Structures are given as structure tokens and as C-alpha cells.
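Residue numbers (our numbering), protein chains in the order written: chain B, 1 to 291; chain X, 292 to 582. Just so you know, even glycine gets a beta-carbon here, dropped at the ideal spot from N, CA and C. Note that the structure is predicted; figures quoted are calculated from it, not measured.
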């Protein structure tokens, strides 16, 4: 059975392990703080690769940022990684093939191969965390677009410029559906810049009316966004992952979505491939690429 | 060279002609008012098919409404066609194969094979007419979704219930970007239920400030919708067709879109495959299906 040396490169942490063709993690998971320099990132990758590359068939990297259609390089810059991250020549790091894919795409792929979207023709993964990531799979292929950057969840929730998005434009889904968005919702509703996402979640648990209202508005924004996606893609399912996904009422969202679409009913599911789905998806995609 | 007997079945008219493998119309174009009964529609189709089916290799139907993934039947109902239209058994109308596809998908395909999106990896067609149709092509295939109904341009432009959409939900792109939408914009701005889309277009031509403002708001709504589509699909181009497309400033939309996306630049183009692109696209798709 083939093995992949898998990495997950995020804004704060880099993870690394070995994964087999079943998507099973078969080694310890190493963890590093993401260095603030390209050299630092390259050093971690180079060290780990030199330690383990003889044991594996391919190097599989799940990374923040968009990845080109050849899965060889990062394109464009990513807000939460060091500037010029994309100038790293990943292919030079190993004698084995180095396969890259965007982390949300990798997580979507893990769900598709071993998680809750297995067997579907069309699935959409939304990672609800600090931001919102997107991964869309259509007929056994990731939607990559002309450059590799497709699946960005930056479509409008309003068109009259209410809330600036992290992307520089206005009123994108990301700035209404992320954890950050829930904090902004609460700040605006309570006129209190100190309130946190945790305060809202805690308030909901304790039956606080105001906090529940804020939470439900946020959940409704997620619902409204999914309605648009369901009409565009007619997916079998929409998978929710990321740190915020555990708090939403998937049944309620599903009912509301299916009452408001012109396509056919979809299902809303919580991700099931676990915390390391990025590395697992990267590995499974990398195996396909060397077949 | 193969030939297709092509139909375009719309809410008001049915067109019929013969088209060759180059997408060339090689016979007269017959035109009928769309009957208000299923029997009436079937009679027109049956008559035309019995007249011409011996001359052709396949029957190709571009139709209002969503078409299943097998391209054999209409699924769901379509607002502007007779109730139960979808119960027509199209396959029984001819001894030759009867191939169906949604009209916006057909028009998108015509542009892809012989029009302005030729050679692209990812293209999106928006037909701006009474409503808004959508056709999305990704890597040489129409985006159909799990049932065949994908590509519906019903994503939100607002999420606080301002304007009811024809689909029964609220604030969809269609009800801000169609010709109908421009009339509603004008009615609201002028507090005059009698104002027409034509009045606005005429006003813009004559330099009327208020009408120009109304028109630009409408054009901006189209722009805002395309921003979301460009971030989701990362398309090479967005093609505008339909009766309203001729009035928009594609260069202005393109500039605004490319200044507001996180993916890579796209181009906005006016459709070039002509008035019968529905029948042409249906024919070209039908030829593929019998290869």
C-alpha cells in the first residue's frame, strides 16, 4: 500500500504525518508553529522531508491559499501567511513528487473519499472558522476554475456596502458566515466591541434571549448563502466543517434551504473526516495524481 | 455531415429548423405560438417531426425548464409553460433519438462551440431577458448538478427580504438583473407603476439623469452578482445574452468585477452565436450524444 508524507500548512500551525491509501494516519503527528519567514517554513518542510521521504511514495501538502491547476505551486497571496509564501519552489524540496492543494479543497476531498459526502455526484464543503473556506466537488473532480482559485466563498449577502470583507470588497458570505462574522454581529447588536464569539455561544447555551437572537441571525445568513449555492450547483449535500460548524442546527438549515430553492432537495451534513482531514484529503489526491 | 431537427420551446414561441454539425442553420425557420395545452405542444412537435425526421440523424430540443441528466425529459415545472409540461414523453415523438437540454444551457453551449466562449475552460452564460437564465460550462461539460437543474441564477442580492422573486423566495439575482427587474427598479424610484423598461432605455439614450441613475443601479446589481460568480467559478469569461444584454456596458462591468474578486481576472462578453443559439446549442449537444 502506498504512503504519503502529508503536511498541513496554515497561518498558525504546520502539521505533518504519514497517511496510507485508505486515508489512515499511520505515524505520529508532528506539529510546528508556522514561522514568519519563507526560510523558516522551508526549513521545517526540508527537515521533515529528509527524515521521512524514503518511507513514502509522494509528498502531499494541504495549504492555505489557492493552488494552481497543476498542483505544483501556490498562486496569489494568502492573508494569514508570510508575504511571498507563493514564491516557495515546493518541487525542489524532494526527489519524490510534491503535490499541493488548497486546504479547504483537501478537506472537501477527504469527506468525499472517506467522510460524509462519499458517493455523491456534487458536494460543497464550507469550513466555518475564522474565515470561510470552500471546496466544491463535481463528478469526481474538484472545481478549480481556469487558474485553480475557484470555490472562493466571496459572493454578496448585500449589495449596498454594509460590511467590509477581509478580501477588500463588501458584504461577502465570508464576512457574514465566519466566526469573525458572529463576533461582528454581536458587537453591532450589543454595541460592545469586547464581546466574543465565545460569549455568544455561551449565551445561547444558557438560554440568553439576546445572544440566541444574534446567533440565529448568523445562522440565517449561513442559510441564505447556502440557498444560492444550492440553486447554482444542485448539490447532493453541503458539508459544514471548521470550528464553528459544531454549533449550527443542520436540520433547521436544511429545512429552510429546501423550502427556498428551485433545484432539488439537498442535505446539510456535519463533516466526519476528523481534525486532520486537510492532510488526509491532500494524501488521497496525491495518490490519484501518481496513478 | 450529420443533421439535427432542432426545436426551441419557449413560453411564447416554438421555433423549428434543421442544423448541421457545424452549427449552421440549413433550412427555413418555422415559428409557432406556444399552445396553452400539452396536446397543442405535442401536436406541433409531432407534425414537424413526421415531416422532417427522415432527413435528420437526431431530434434536438432546447426547452424552457430544467432537463434531467440523461437529457430525455423535463424535470420540475416552468413558470411560463403549460402546467404538466414535464409530463410530455418526448422520447415517444420520434424513432430517432430525442435529445433535450435547458434553453440557457443550450445557448451557453452554442457560444462555447461556435461563439465568444470558444476555447475556454470555464464559462458562464447569463441570459438577461424577462427573467435571467444561466448556463455554466466547466472543462468541456455543462454543469448539471445531481438532478440536471444546476445553474439557476437564484442567489441572494440581499438577505433581509426586500423584493419577492418569481421563484417564491426573496431577493434572488434574477429579480435584480432581469428586464423585469429594471422595470421594478424604475417603478420604485419614480413611484410610477406605468413606467416601462423601454422608458428607461429611451431615457438613458436621451441623457435623462434620473433614468440613467436607475439604469446604472440595475447594471451595478448585475455587476455585484457576477463578482460572486467569478469568485465561485473562476471563469475565463462571463457571456451576456438575451434581449437586455445589448444595453449594458461590458467594459465597465468587467473593470468593476476584476477590481473586486479574489480569483483571477475574467472577461465580460456579449453573446455572438445569434438569435437561434438555443437551437444551435441543442443540435451541437445532440450530435455529441450520438457519437
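Residue 178 of chain B and residue 132 of chain B - do their beta-carbons sit closer together than 8 Å? Cβ distance < 8 Å, so residue 132 of chain B and residue 178 of chain B count as in contact.
Excluding the 5 residues flanking residue 256 of chain B on each side, which residues of the same chain have their C-beta closer than 7 Å to its C-beta? Take residue 256 of chain B, set aside five residues on each side of it, and the residues of its chain with a beta-carbon closer than 7 Å to its own are 223, in chain order.
Does residue 567 of chain X pass the burial test, meaning 16 or more other C-beta atoms within 10 Å, or should it be called exposed? Buried.
Start-to-end residues for the alpha helix (DSSP H) that takes in residue 138 of chain B: DSSP places residue 138 of chain B outside any alpha helix (DSSP H); the residue lies instead in the beta strand (DSSP E), whose first and last residues are 132-138.
Under the DSSP definition of a beta bridge, which residues are partnered with residue 128 of chain B? The bridge partners DSSP lists for residue 128 of chain B are B/132.
According to DSSP, is residue 15 of chain B part of a helix, a strand, or is it coil? In the three-state DSSP reduction, residue 15 of chain B falls in the strand class (E or B).
Distance between residue 467 of chain X and residue 348 of chain X (C-alpha atoms, nearest Å): Rounded to whole angstroms, residue 348 of chain X and residue 467 of chain X show a C-alpha spacing of 41 Å.
Jot down the residue ranges of each uninterrupted alpha helix (DSSP H) in the segment 323-405 of chain X, minimum 4 residues, whole runs only, in chain order. Listed in chain order, the complete alpha helix (DSSP H) runs (minimum 4 residues) inside the segment 323-405 of chain X are 329-343, 394-405.
For residue 458 of chain X, go through chain B and note every residue whose CB falls closer than 9 Å to its CB, in chain order. Within chain B, the residues 231, 260, 261, 262 have their CB atoms less than 9 Å from the CB of residue 458 of chain X, given in chain order.
Can you pull the chain X neighbours of residue 224 of chain B, defined as C-beta to C-beta under 7 Å? Result: 447, 450.
Using a Cβ-Cβ distance cut-off of 8 Å, determine whether residue 434 of chain X contacts chain B. Cβ-Cβ to chain B under 8 Å: yes for residue 434 of chain X.
Of all the options X/523, X/519, X/488, X/518, which has the alpha carbon lying nearest to the alpha carbon of residue 506 of chain X? Here the closest residue by C-alpha is X/488.
Between the Cα of residue 519 of chain X and those of X/556, X/537, X/391, spot the shortest distance and give me the residue it belongs to. If we check each option's Cα against that of residue 519 of chain X, X/556 comes out closest.
Considering only residues of the same chain and omitting the five flanking positions on each side of residue 267 of chain B, which have a CB-CB separation below 8 Å? Take residue 267 of chain B, set aside five residues on each side of it, and the residues of its chain with a beta-carbon closer than 8 Å to its own are 236, 237, 238, 254, in chain order.
I believe residue 356 of chain X touches residue 393 of chain X by the beta-carbon criterion, under 8 Å. Please report the beta-carbon distance rounded to the nearest angstrom. The beta carbons of residue 356 of chain X and residue 393 of chain X sit about 7 Å from each other, so the pair counts as a contact at 8 Å.
When the distance is taken between beta carbons, is residue 576 of chain X closer than 8 Å to residue 397 of chain X? Residue 397 of chain X places its beta carbon less than 8 Å from that of residue 576 of chain X.
Residues bridged to residue 433 of chain X (per DSSP): Partner(s): X/428.
So, is the C-beta of residue 214 of chain B closer than 8 Å to a C-beta in chain X? No, because no Cβ of chain X sits closer than 8 Å to the Cβ of residue 214 of chain B.
Output the boundary residues of the beta strand (DSSP E) element that contains residue 147 of chain B. Segment: none, residue 147 of chain B is in no beta strand (DSSP E) and carries neither H nor E.
Per-residue burial, residue 532 of chain X [other beta carbons within 10 Å of its own, 16 or more giving buried]: Buried, because 16 or more other Cβ atoms sit within 10 Å of the Cβ of residue 532 of chain X.
Can you find a CB in chain X that lies within less than 8 Å of the CB of residue 28 of chain B? So, not an interface residue.
Look up residue 317 of chain X in the DSSP assignment and say whether it is helix, strand or coil. It is coil, neither helix nor strand.
Using a cut-off of 9 Å between C-beta atoms, extract the partners of residue 111 of chain B located in chain X. Simply none; closest approach about 16 Å.
Could you check what DSSP says for residue 186 of chain B in three-state terms: helix, strand or coil? DSSP, read as helix, strand or coil, puts residue 186 of chain B in helix.
Going by alpha carbons, who is nearest to residue 337 of chain X out of X/540, X/305, X/312? Of the candidates X/540, X/305, X/312, the one whose C-alpha sits nearest the C-alpha of residue 337 of chain X is X/305.
Buried or exposed, going by whether 16 or more other CB atoms sit within 10 Å of the CB of residue 117 of chain B? With 16 or more other Cβ atoms within 10 Å, it is buried.
Spell out whether any CB of chain B is found under 8 Å from the CB atom of residue 437 of chain X. With 8 Å as the cut-off, residue 437 of chain X counts as an interface residue toward chain B.
For a contact meaning CB atoms closer than 8 Å, what does residue 440 of chain X contact in chain B? Under the 8 Å cutoff, chain B gives 234, 262, 263, 264.
Classify residue 560 of chain X: buried if its beta carbon has 16 or more other beta carbons within 10 angstroms, exposed otherwise. Per the 10 Å Cβ criterion, buried.
Meets three-Cβ-pair contact criterion under 8 Å: the segment 323-333 of chain X and the segment 129-146 of chain B: As far as the Cβ criterion goes, the segment 323-333 of chain X does not touch the segment 129-146 of chain B, which means the pair count is below three.
Going by alpha carbons, who is nearest to residue 153 of chain B out of X/516, X/486, X/411, X/494? Of the residues X/516, X/486, X/411, X/494, the one whose Cα lies closest to the Cα of residue 153 of chain B is X/516.
First through last residue of the beta strand (DSSP E) which encompasses residue 200 of chain B: Going by DSSP, residue 200 of chain B is part of no beta strand (DSSP E) but of the alpha helix (DSSP H) stretching over 197-205.
Verify the CB distance criterion: does residue 412 of chain X have a CB-CB separation below 8 Å to chain B? True, the Cβ-Cβ gap to chain B drops below 8 Å.
When the distance is taken between beta carbons, is residue 351 of chain X closer than 8 Å to residue 562 of chain X? Not a contact, by the Cβ cut-off of 8 Å.
Any Cβ of chain B within less than 8 Å of the Cβ of residue 492 of chain X? Using a Cβ-Cβ cut-off of 8 Å, residue 492 of chain X does not count as an interface residue toward chain B, since no Cβ of chain B sits closer than that to its own.
Can you check whether the CB of residue 145 of chain B is closer than 8 Å to the CB of residue 104 of chain B? No, they are not a contact pair.
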